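Note that the sequence shown covers residues 974 to 1331 in our numbering. Okay, so here's the structure we're looking at.
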Amino acid sequence: MNYNIAVLDGDGIGPEICAGAIKVLNKVGEKFGHNFNFEHLYIGGCSIDKFGTPLPQETIDKCLKSDSVLLGAVGGYKWDNLPGNERPEKGLLGIRKAMNLYSNIRPAKLWKSLAKASPLKYDLVKNGVEIIIVRELIGGIYFGERYKGVDENGVEYAWDTEKYSVPEIERITKIACEMALKRSKKVVSVDKANVLESSRLWRKTVHEYAAKHYPEITVEDVLVDNMAMQIVKNPAQFDVVVTSNIFGDILSDEAAQVTGSIGMLASSSLGDSKCGLYEPIHGSAPDIAGKDIANPIATILAAAMMLRDSFDLTDEYAAIENAIQSVLDENFRTADIYEEGKIKVSGSKMADLIAQKI
Ligand code: NAD
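Listed below in structure tokens is the structure:
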């Protein structure tokens, strides 16, 4: 099969980590008989330098025509003082909006061989952890009506609104259920239904939709405050978790911390079509750019998720995951996950080792 992948390398370590992922994808192509075509496009700071905008129309058009998009990261010191709407990060929001990506999926995976990197007690994580947070991305309080004013006594006040409609909740429930079908067939839905009306609608809709369309899936509700506790108390109990924009934003960062390394975590954003945006969760790490020490594994995992979730290539996904596992089991580590007694390798060497194992 032929797959056309748009590559948005971006800034800082973006080009290095995308190169690592492309190396691994090419090896997967060779091994499984696929042809991956890559087209590199501009986004972020490098695009501001070349075209005066963080997201040129050509990038949008070509991403929309591609089978899927791989993104490195954007941003850096050079563009830090630009006004908000001219900054590299604006390119990211723009491409998500142009592709109508309403869900963000972030697996927080702690590999058994890296259990000691977790800030949690070894016993809690020794068998590995994988929490897949499915976050609603373009609704809720971040996009609701807001207001800032001054009352008749001269006191300043402000408000924001959390608002969700049934179709918005249904489509994110569908994404979570599809993910759970490939895994434990269990979904935990996180809300604050004991206080918020919007959460009560969330809870009712998730249950009704899942029962009607995915009867084989079990849905359990957990209140967001309890969820925040459970992630540090017993993270291994969770598999697929679905939640609103604001709760997902906070909980996915908490879950990421449990894994102990930002260089190992990938994420995807999906909408109604199979064409998604796949990226590492970390930024452009300008402090280490160009030194060949950045860990490429998060971006390699993002590419693996693309194979599984956009192209339905589950064996190819597993081949990449197993390759990473073997390289870690053989004690190879980039600087960010290095511990005494292990073998320190550069970012490009890590990608080579993983590609060799495919
Ligand atoms: P960052 O994630 O880039 O870096 C945080 C720390 O983690 C740094 O010490 C960095 O060296 C390290 N790190 C990150 N990725 C690593 C990797 N793959 N291997 C080894 N170490 C790694 O976050 P930051 O420093 O807050 O932001 C830097 C720039 O990235 C800013 O301009 C910010 O706006 C941007 N940013 C972009 C995205 C994105 O493109 N999705 C996300 C977050 C931040």
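The beta-carbon is built from N, C-alpha and C at its ideal position, and this holds for glycine as well. Fair warning: this is a prediction, and the values are worked out from it, not measured in the lab.
- Secondary structure at L1043: strand, using DSSP grouped into helix, strand and coil.
- Proximity to D1194 across N1058, T1146 and L1028 peaks at T1146, based on C-alpha coordinates.
- Between the region 1020-1033 and the region 1319-1330 there are fewer than three inter-stretch CB-CB distances shorter than 8 Å, so the stretches are not counted as touching.
- Taking C-beta atoms under 8 Å as the contact rule, I1293 and I1273 qualify, at a distance of about 6 Å.
- Taking the Cβ atoms as the reference, E1135 lies roughly 4 Å from I1114, within the contact range of under 8 Å.
- With a threshold of 6 Å, the Cβ atom of D1265 does not count as near ligand 1, since no heavy atom of the ligand is closer than that.
- Per DSSP, the unbroken beta strand (DSSP E) holding R1119 starts and ends at R1119 to V1123.
- The beta carbon of A1071 sits closer than 6 Å to the beta carbons of I1033 from its chain, once the five residues preceding and following it are set aside; these are given in chain order.
- Cα atoms of D1282 and D1133: separation of roughly 34 Å, rounded to the nearest angstrom.
- Spatial neighbours of V980 in its own chain (CB-CB distance under 6 Å, excluding positions within 5 residues in sequence) are listed in chain order as C991, F1011, H1013 and L1043.
- Shown here, A1262 sits in coil according to DSSP, grouped into three states, outside any helix or strand.
- In the DSSP assignment, E1252 falls within the beta strand (DSSP E) that extends over L1250 to P1253.
- Going by DSSP, D1194 is part of the beta strand (DSSP E) stretching over T1191 to L1196.
- Straight-line spacing of the CA atoms in P1080 and V1098 works out to 15 Å.
- As DSSP reads the structure, D1285 sits in no beta bridge.
- Counting only the Cα atoms, I1310 lies some 33 Å from I1021.
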